[in-house]
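A.B. asks: With the sequence shown counted from 1, adding 1221 to any position gets you the numbering used here.
The beta carbon of each residue, even a glycine, is placed where N, CA and C say it ideally should be.
None of these values were measured; they are calculated from a predicted model.
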Amino acid sequence: MTVAFFSGSRRRAAVALGAVSAGLLVLSACDKPTPLATLTVGTDSVHSEAACYNNGDALKESQIQQCLNKKADKSIAVAMDDKIRFGVDPEVADHGWTIFLGGQQAEPEPYKKTYRTIPASAFFTSQTGEATDNAQVTIVENTGKKLTGVWHFQLKKDS
1222 MTVAFFSGSR RRAAVALGAV SAGLLVLSAC DKPTPLATLT VGTDSVHSEA
1272 ACYNNGDALK ESQIQQCLNK KADKSIAVAM DDKIRFGVDP EVADHGWTIF
1322 LGGQQAEPEP YKKTYRTIPA SAFFTSQTGE ATDNAQVTIV ENTGKKLTGV
1372 WHFQLKKDS
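#1: For glutamine 1357, which residues in the same chain have their Cβ closer than 8 Å to its Cβ, ignoring the five residues on either side in sequence?
#2: Run through DSSP, which three-state label would leucine 1289 get?
#3: By a C-beta neighbour count over all protein chains shown, 10 Å radius and 16 as the cutoff for buried, is aspartate 1256 buried or exposed?
#4: Tell me which residue opens and which closes the alpha helix (DSSP H) that alanine 1314 is part of.
#5: Among Asp1379, Lys1378 and Gly1370, whose alpha-carbon lies nearest the alpha-carbon of glutamate 1270?
#6: Looking only at DSSP bridge pairs, what is aspartate 1278 linked to?
#7: For the beta strand (DSSP E) containing aspartate 1265, name the first residue and the last one.
#8: Among all the DSSP beta bridges, which residues are the ones paired with alanine 1356?
#9: Taking the C-alpha atoms as reference points, what is the distance between isoleucine 1360 and leucine 1280?
#10: Just tell me which of His1316, Arg1337 and Pro1340 has its CA closest to the CA of proline 1331.
#11: First and last residue of the beta strand (DSSP E) that includes threonine 1259?
#12: Rounded to a whole number of angstroms, what is the C-alpha to C-alpha distance between alanine 1352 and proline 1254?
#13: Excluding the five sequence neighbours on either side, which residues of its own chain have a C-beta within less than 8 Å of the C-beta of asparagine 1276, listed in chain order?
#14: Could you give the first and the last residue of the continuous beta strand (DSSP E) run that contains tyrosine 1336?
#15: Alanine 1343 by DSSP, collapsed to three states: which one?
#16: Compare the Cα-Cα distances from asparagine 1355 to each of Val1299, Asp1265 and Leu1289 and report the closest residue.
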């Protein structure tokens, strides 16, 4: 003879409570996705989540150089006469963002709009004046004084 520890309604309530608890545990383990940055050339686009991001707070000084030196996971082919369209999420634009080339800041002031266009030819000359076939472009979210996010892209010259 079997003895039931709980009646039917209590058993269902216990199962429901267990399912809700498990669901909350799973949700608490999820990370909020980082904002996206997008590069578009003609009809081709590539987008990426941040390589380094601290939920909108400043990155630690010890992380900054390491973040800037990371290699890009995403790449896009561009011809010298193409225009490259850069896009960022509105929350990134609210803080401001700048473009870095090869880990070096390429512009003095943070840009505050979500979208801009730059000719591809601006990215394929090295500091010594030689032409290059690849360029790492980094989008850096900053407020002028602190860096809060870093996105990397590789531009590959299309002949």
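C.D. replies: So, from the listed chains and residues:
#1: Here glutamine 1357 has Lys1292, Ala1293, Leu1322, Gly1323, Gly1324, His1373, Phe1374, Gln1375 and Leu1376 as same chain residues with Cβ atoms under 8 Å from its own Cβ, once five neighbours each way along the sequence are excluded.
#2: Reduced to three states, the DSSP call for leucine 1289 is helix.
#3: According to the sequence shown, residue 1256 is proline rather than aspartate. So proline 1256 ends up on the buried side.
#4: Element bounds for alanine 1314: 1311-1316.
#5: Nearest C-alpha to glutamate 1270: Gly1370.
#6: Paired residue(s): none; aspartate 1278 is not in a bridge.
#7: Its beta strand (DSSP E) spans residues 1265-1270.
#8: BP columns for alanine 1356 point to Leu1376.
#9: Straight-line Cα distance between these residues: approximately 14 Å.
#10: Checking every option, the nearest Cα to that of proline 1331 belongs to His1316.
#11: Going by DSSP, threonine 1259 is part of the beta strand (DSSP E) stretching over 1257-1262.
#12: About 37 Å.
#13: For asparagine 1276, the CB contacts under 8 Å within the same chain, skipping 5 residues up- and downstream, are Lys1253 in chain order.
#14: That run of the beta strand (DSSP E) goes 1336-1340.
#15: Helix.
#16: Nearest Cα to asparagine 1355 within the set Val1299, Asp1265 and Leu1289: Val1299.
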